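Under numbering that gives the first Met the number 0, residues 0 to 243 are what the sequence shown spells out, in order.
Below is one structure; the comments refer to it alone.
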Amino acid sequence: MADSLHTTTVLAEPGPIAVEWGTTALVIIDMQRDFMEPGGFGETLGNDVSQLASAVAPIAAVLKAARETGMMVVHTREGHLPDLSDAPPAKIERGAPSLRIGDPGPMGRILIRGEAGHDIIPALYPVEGEIVIDKPGKGAFYATTLGADLKARDIDTLLVCGVTTEVCVNTTVREANDRGYRCIVIADGCASYFPEFHEMGLKMIKAQGGIFGWVADSAAILDAITRSEHAPETSNKLAAGASR
Ligand code: TIU
């Protein structure tokens with residue numbers, strides 16, 4: 000379905016970007032209970048998980064539009080096998096969390112696949128046909144099938160959102176950029192436990208002419224998707240976008 004949409008321009012920073020929707024995927028990073036809710040991995044690290052709540056509504060709005068237009072949707076989950084064979088000791092032993100990866104917590108074992116805390120929050124729960132990538136690392140390409148899944152669908156552009164901005168979102172965008180993907184990060188669809196890291200995490204992506212990619216608000220993405228369902232853009236509209 001997304002193949003039949005017209006190419007439209009997303010008003011982004013550092014500049015507008017023309018998006019062909021049939022070769023674009025929405026990639027939602029780690030919107031898991033372990034990061035978003037009390038008692039999970041994020042809180043054991045000493046973080047205030049309420050800092051991440053602002054990302055949910057913007058992601059839900061873009062996810063709804065992606066589903067309506069038939070765009071490829073990918074959800075990722077950070078976590079490990081129950082026997083911890085894919086969890087490097089250096090990761091497990093890091094820092095001084097109140098509970099370590101694999102320890103029993105109020106939502107099951109911390110950051111372990113199959114446990115309640117590892118799953119995606121109900122507001123953004125995947126539906127049939129959407130890809131769920133289980134990843135042991137911060138980046139979504141490392142030790143996963145994501146690269147092959149995107150290649151199978153001829154995807155060249157990624158709309159990236161999720162948590163946290165400077166950790167798993169940034170790592171995934173950097174991995175994707177090196178693999179040749181054009182990444183548009185949804186600014187209000189990302190969040191960090193540290194507001195200043197969120198701001199800088201986005202700046203790092205769009206600086207130097209978009210060294211890792213582009214940054215746009217969910218409203219700009221939704222506007223471009225809406226326009227893609229209507230008549231092809233005229234050169235005037237493209238010029239207006241280019242002047243921003
Ligand atoms: N701790 C933190 O900010 N993030 C992570 O550990 N993982 C993700 O970002 N998903």
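By construction, the Cβ of each residue, glycine as well, lies at the ideal position given by its N, Cα and C atoms.
These numbers were taken from a predicted model, which means no experiment stands behind them.
Cα-Cα separation between Ile100 and Val48, rounded to whole angstroms: Locating residue 100 in the sequence shown gives position 101, counting from the first residue. Locating residue 48 in the sequence shown gives position 49, counting from the first residue. C-alpha separation (whole angstroms): 17 Å.
In chain order, each beta strand (DSSP E) run of at least 3 residues that lies wholly inside the region 27 to 88: 71 to 77
Separation of Ile27 from Val131, as counted between CA atoms: Mapped onto the sequence shown, residue 131 falls at position 132. Mapped onto the sequence shown, residue 27 falls at position 28. Approximately 10 Å, taken between the alpha carbons.
Along the alpha helix (DSSP H) that carries Val172, what are the first and last residues, could you check? For this step, residue 172 is matched to residue 173 along the sequence shown. Start and end: Asn169 to Asp177.
Cys167 beta carbon near the ligand TIU (any heavy atom closer than 7 Å): Your numbering for residue 167 matches position 168 in the sequence shown. Within the cutoff, so yes.
Once the 5 residues before and after Glu228 are set aside, which same chain residues still bring their CB inside 8 Å of it? Taking the first residue of the sequence shown as 1, we reach residue 228 at position 229. Cβ within range, chain order: Leu4, His5 and Thr68.
Say the cut is 7 Å; is the CB of Thr171 nearer than that to a heavy atom of the ligand TIU? Counting from one through the sequence shown, the residue named residue 171 turns up at place 172. The answer is no for Thr171.
Gly208: buried (16+ other C-beta within 10 angstroms of its C-beta) or exposed? Residue 208 sits at position 209 when you count from the first residue of the sequence shown. With fewer than 16 Cβ atoms within 10 Å of its Cβ, Gly208 is classed as exposed.
Excluding the 5 residues preceding and the 5 following Arg243 in the sequence, name in chain order all residues of the same chain whose CB lies nearer than 7 Å to its CB. For this step, residue 243 is matched to residue 244 along the sequence shown. Any reading at Arg243 needs caution, since the residue's pLDDT is 40, under 50, leaving its predicted position unreliable; the model's value is listed next. Only Leu10 and Pro15 meet the Cβ criterion.
What is the DSSP secondary structure of Arg99, counted as helix, strand or coil? On the sequence shown, residue 99 is found 100 positions in, with the first residue counted as 1. Residue state, collapsed to three classes: coil.
Look at the Cβ atom of Val168, then the Cβ atom of Gly161, and state whether they are nearer than 8 Å. Counted from its first residue, the sequence shown places residue 168 at position 169. Counted from its first residue, the sequence shown places residue 161 at position 162. Against a cut-off of 8 Å, the Cβ pair of Gly161 and Val168 comes out as a contact.
Are three or more beta carbon pairs between the region 53 to 66 and the region 104 to 111 nearer than 8 Å? no
What are the start and end residues of each continuous beta strand (DSSP E) run of 3 or more residues lying completely inside the region 98 to 134, in chain order? 130 to 134
Per DSSP, which one or two residues make a beta bridge with Ala17? Residue 17 sits at position 18 when you count from the first residue of the sequence shown. Partner(s): Thr8.
Could you give the DSSP three-state label for Asp187: helix, strand or coil? Residue numbering aside, residue 187 sits at position 188 when the sequence shown is read from its first letter. Reduced to three states, the DSSP call for Asp187 is strand.
Under three-state DSSP, which class holds Gly200? The residue labelled residue 200 in the question sits at position 201 within the sequence shown. Note: Gly200 maps to helix in three-state DSSP.
Cβ atoms of Tyr192 and Thr225: under 8 Å apart, would you say? Position 226 of the sequence shown, counting from 1, holds the residue named residue 225. Position 193 of the sequence shown, counting from 1, holds the residue named residue 192. Result no, Cβ atoms of Thr225 and Tyr192 do not sit closer than 8 Å.
Starting from the C-beta of Met0, find all residues in its chain whose C-beta is less than 7 Å away, skip the five residues before and the five after it, and write them out in chain order. As a first step, residue 0 is located in the sequence shown; it is residue number 1 there, counting from the start. For Met0, where only same-chain residues beyond five positions count, the Cβ hits under 7 Å are Thr68 and Gly69.
Within 10 Å of its beta-carbon, does Lys63 have 16 or more other beta-carbons around it, so buried, or fewer, so exposed? Translated into positions along the sequence shown, residue 63 becomes position 64. Burial call: exposed.
Compute the minimum distance between the beta carbon of Lys137 and the heavy atoms of the ligand TIU, and state whether it is under 7 Å. Sequence index remark: in the sequence shown, residue 137 carries index 138 (1-based). Under cutoff, so the answer is yes.
Excluding five sequence neighbours on each side, which residues of the same chain lie with their C-beta closer than 7 Å to the C-beta of His245? One cannot answer for residue 245 here, as it falls past the ends of the chain, which runs 0 to 243.
Which listed residue (Asn176, Val159 and Glu174) has its alpha carbon closest to that of Gln186: Taking the first residue of the sequence shown as position 1, residue 186 is located at position 187. The sequence given here places Ala at residue 186; Gln does not occur at that position. For the residues Asn176, Val159 and Glu174, the minimum Cα distance to Ala186 belongs to Val159.
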